[in-house]
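Under our numbering, the very last position in the sequence shown is 109; numbers go up by exactly one each time. From the three backbone atoms N, C-alpha and C, an ideal C-beta is built for every residue, glycine too. For reference, the structure is listed below as C-alpha cells.
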Amino acid sequence: MSKNYAALAQQVVAAIGGADNVAAVTHCMTRLRFVVKDNERVDSATLKGLKGVLGVVRSDNQCQVIIGNTVSQAYREVVALLPGDLRPVEPQGKPPITLKRIGAGSSTR
Numbered sequence: 001m002s003k004n005y006a007a008l009a010q011q012v013v014a015a016i017g018g019a020d021n022v023a024a025v026t027h028c029m030t031r032l033r034f035v036v037k038d039n040e041r042v043d044s045a046t047l048k049g050l051k052g053v054l055g056v057v058r059s060d061n062q063c064q065v066i067i068g069n070t071v072s073q074a075y076r077e078v079v080a081l082l083p084g085d086l087r088p089v090e091p092q093g094k095p096p097i098t099l100k101r102i103g104a105g106s107s108t109r
C-alpha cells in the first residue's frame with residue numbers, strides 16, 4: 001500500500017497551525033518533530049484523525065507526530081512546504097582525496 005505523503009504533509013502542516021507556526025522540524029526513526037511558535041494553534045484531534053498518523057505527543061512548544069518507519073518520506077514532503085529558511089541545508093560534499101591533497105611525494109629526509 002503506497003501512501004500519498006504530499007497530501008499527508010499538507011494536512012499535518014495545516015493541523016500544526018500552518019507553515020508560519022513552525023519554528024523548526026526534524027525527524028527521528030518514526031516521528032516528525034515540530035517546534036511550534038504558538039502551541040494554541042496546534043490541533044491535536046485533527047492530527048490524530050489523519051490517515052497515516054499513528055499518534056501525537058505534545059510537550060511545551062513541541063509536537064511529535066508519529067508516522068512510523070516511513071517518516072523520512074513524509075518529512076521530505078513537509079520540508080517542501082516550509083519557507084526556505086526552515087529547510088535543512090544540503091550537506092556539502094568533501095573534495096575527493098588526491099595524492100596532491102595529502103602531500104604524497106613530499107618527503108623530508
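If residue i sits next to residue j, beta carbons under 8 angstroms apart, how far is it from one beta carbon to the other, in whole angstroms?
i: residue 35; j: residue 24; result: 4 angstroms
i: residue 65; j: residue 56; result: 6 angstroms
Have a look at the options and flag the residue whose alpha-carbon is nearest the alpha-carbon of residue i.
i: residue 45; options: 7, 82, 84 and 14; result: 14
i: residue 58; options: 72, 51 and 41; result: 41
i: residue 115; options: 5, 6, 22 and 52; result: The first residue shown for the chain is 1 and the last is 109, placing residue 115 beyond what the model contains.
i: residue 37; options: 67, 72, 63 and 50; result: 63
Please classify residue i: is it buried, with 16 or more other beta-carbons within 10 angstroms of its beta-carbon, or exposed?
i: residue 89; result: Bear in mind that the predicted position of residue 89 carries a pLDDT of just 48, short of 50, making it unreliable; the figure below should be weighed with that in mind. With fewer than 16 other Cβ atoms within 10 Å, it is exposed.
i: residue 17; result: buried
i: residue 1; result: With a pLDDT of only 38 at residue 1, under 50, the local geometry of the prediction cannot be trusted, and the value read off the model is given with reservation. Exposed, because fewer than 16 other Cβ atoms sit within 10 Å of the Cβ of residue 1.
i: residue 28; result: exposed
i: residue 54; result: exposed
i: residue 31; result: buried
Below 7 angstroms between beta carbons: does that hold for residue i and residue j?
i: residue 9; j: residue 74; result: yes
i: residue 39; j: residue 69; result: no
For this session: For the region 29 to 81, list the alpha helix (DSSP H) runs that are entirely contained and at least 4 residues long, ordered along the chain.
Result: 44 to 49 and 71 to 81
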